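Here the structure is laid out as structure tokens; the discussion comes afterwards.
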Amino acid sequence: MRSRRSCLSVPGSNPRFLEKAQGLDVDEAMLDLEDSVAPAAKDAARRNIVAALREGDWSGKVRAVRVNDLATPWTYRDVIDVVEGAGDSVDALILPKVQDPSQVRWLDTLLTQIELANGLETGRIGIEAQIEDARALVNVNAIAGASPRLEALVFGPADFMASINMRTLVVGEQPPGYTEGDAYHYTLMRILMAARTYDLQAIDGPYLQIKDVDGFRRVAGRAAALGFDGKWVLHPAQVDAANEVFAPTQEDYDHAELILDAYEHATTVDRRGAIMLGDEMVDEASRKMALVVAAKGRAAGLRRTSTFTPPSS
Ligand code: GLV
Ligand code: MG
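In this text, residue positions in the sequence shown follow UniProt numbering: the first is 1, and each later residue adds one.
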């Protein structure tokens, strides 16, 4: 599982940002050809991105490129130029404003063609699909199952809020007048269910008030609590917050590893299916919950600070 706690959006038209991004502690660098790049700058942005991927040092990061959506004239050229130019330095392409599964399959087929023609390993480059409007959400289950290349579903709150006429201009915050709950709950949960059904990651989109790190933490914390794996970041100030919020706390991580050890000992040595760990009952379902927390902690580089001592019997 690639870690995607923090996914930094970097405009491909800005060589300085492409350079700077390499020094940031993000799990994924998302080099953008879409909405952060002006139409007149698309060609130059493709060249900048290919050069940055080939010559830059992206070690430790997932290298993703967001191409333009299929309602534009740019998508096929984005894919061909980036993958022919730097295919072995790209881990995933992000397809924005996906409408239905046929668009994901189109990208899968085109990638296979380019890989075959250029001697690249077939199927290595993954796909992330952005869910950004009502049609995408209605089709989200089919989109999630559209290709074995899919690695993540990504919520695009700005486009989504525009598409459903939500009455606010502040991306990620509750629309004024809506006080009964979380206006994003339904959307986030549908994306999460579709993602989990097909073993994909679920990633929350950007929070545009980049100076408000507390606001970022609050909104990211909601998605993380539901089970989301990460969130887009737009500014270095948001990076540490994302890495923290989407990793378990040290205490939860230690606890999860302890549950795994205790349960392993109980089922193999003592041959029991349910045991007490302190005041807590641990069974097969708790083991599964602990596995998730432990996997996220390990992926985030946490180390155990406590060890399991088998009970003396
Ligand atoms: C991201 O692409 C968004 O629309 O929020
Ligand atoms: Mg968008």
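Each residue gets a CB set at the ideal place from its N, CA and C atoms; glycine is no exception. Please read all numbers here as calculations on a predicted model, not as lab measurements.
_Three or more C-beta pairs under 8 Å: does that hold for the stretch 292-311 against the stretch 247-261?_
yes
*asked:* What does the alpha-carbon distance come out to for the pair Pro148 and His255?
replied: 34 Å
*CB-CB under 6 Å to Val219, same chain, minus the five flanking residues each way: which ones, in chain order?*
Gly172, Tyr207
*Return the bridge partner residues of Ser306 from the DSSP annotation.*
Looking at the DSSP assignment, Ser306 forms no beta bridge with any residue, so it has no partner.
_Three Cβ pairs or more, each shorter than 8 Å: is that satisfied between the stretch 161-179 and the stretch 113-124?_
no
*What do you get for Tyr186, buried or exposed, if any count of 16 or more other CB atoms within 10 angstroms of its CB means buried?*
exposed
_If I follow the unbroken beta strand (DSSP E) through Val233, where does it start and stop?_
230-233
*Cβ-based neighbour list, Gln22, same chain, cut-off 7 Å, excluding 5 preceding and 5 following*: Gly56, Asp57, Trp58
_Can you give me the C-alpha to C-alpha distance between Arg271 and His265, rounded to a whole angstrom?_
8 Å
*Nearest neighbour of Ile127, chosen from Asp214, Leu150, Leu258 [CA to CA]*: Leu150
*CA-CA distance, Val140 and Val269?*
44 Å
*asked:* For Arg135, which residues in the same chain have their Cβ closer than 7 Å to its Cβ, ignoring the five residues on either side in sequence?
replied: Gln99
_Any non-hydrogen atom of the ligand GLV within 6 Å of Asp159 CB_ = yes
*Could you give the distance in angstroms between the alpha-carbon of Phe17 and the alpha-carbon of Gly273?*
53 Å
*From the DSSP output, which residues share a beta bridge with Tyr155?*
Looking at the sequence itself, residue 155 is Phe, so the reference to Tyr does not match. The partner list for Phe155 (beta bridge, DSSP) reads Ile131.
*Using a threshold of 7 Å, state whether the C-beta atoms of Pro4 and Ile275 are closer than that.*
The residue you asked about is not Pro; residue 4 is Arg in the sequence shown. No, they are not a contact pair.
*The alpha helix (DSSP H) with Leu188 in it runs from where to where?*
185-197
*Return the CA-CA distance between Val233 and Gly85, expressed in angstroms with no decimal places.*
26 Å
_Under the three-state DSSP convention, the category Asp261 falls into_ = helix
_Quick check on Leu291: does DSSP put it in helix, strand or coil?_
helix
_To the nearest angstrom, how far is the alpha carbon of Asp133 from that of Leu277?_
46 Å
*Please list, in chain order, all residues of the same chain as Val216 whose beta carbon is under 6 Å from its beta carbon, the five residues on each side excluded.*
It should be noted that the sequence gives Phe, not Val, for residue 216. Tyr207, Gln238, Ala241.
*Relative to the ligand MG, is the shortest distance from any of its heavy atoms to the C-beta of Gly156 smaller than 6 Å?*
yes
*asked:* Is Gly12 a contact residue of the ligand HEM, with contact defined as CB to any heavy atom under 6 Å?
replied: The ligand HEM is not among the ligands present in this structure, which contains only the ligand GLV and the ligand MG.
*Write down the C-beta distance between Gly205 and Asp27 rounded to the nearest angstrom, noting that I regard them as a contact closer than 8 Å.*
Rounded, the Cβ-Cβ distance is 15 Å, inconsistent with contact.
*Inter-residue CB distance, Ala142 and Pro101 (contact presumed, cutoff 8 Å)*: 5 Å
_Cα-Cα separation between Gly60 and Gly177, rounded to whole angstroms_ = 43 Å
_Pick from Ala29, Asp69, Pro15, Tyr184 that is closest to Asn48, judged by C-alpha positions_ = Pro15
_Where the alpha helix (DSSP H) containing Asp81 begins and where it ends_ = 75-86
*The beta strand (DSSP E) with Leu93 in it runs from where to where?*
92-95
*asked:* With DSSP as the reference, identify every bridge partner of residue 400, one or two as the case may be.
replied: One cannot answer for residue 400 here, as it falls past the ends of the chain, which runs 1 to 313.
*By a C-beta neighbour count over all protein chains shown, 10 Å radius and 16 as the cutoff for buried, is Asp214 buried or exposed?*
exposed
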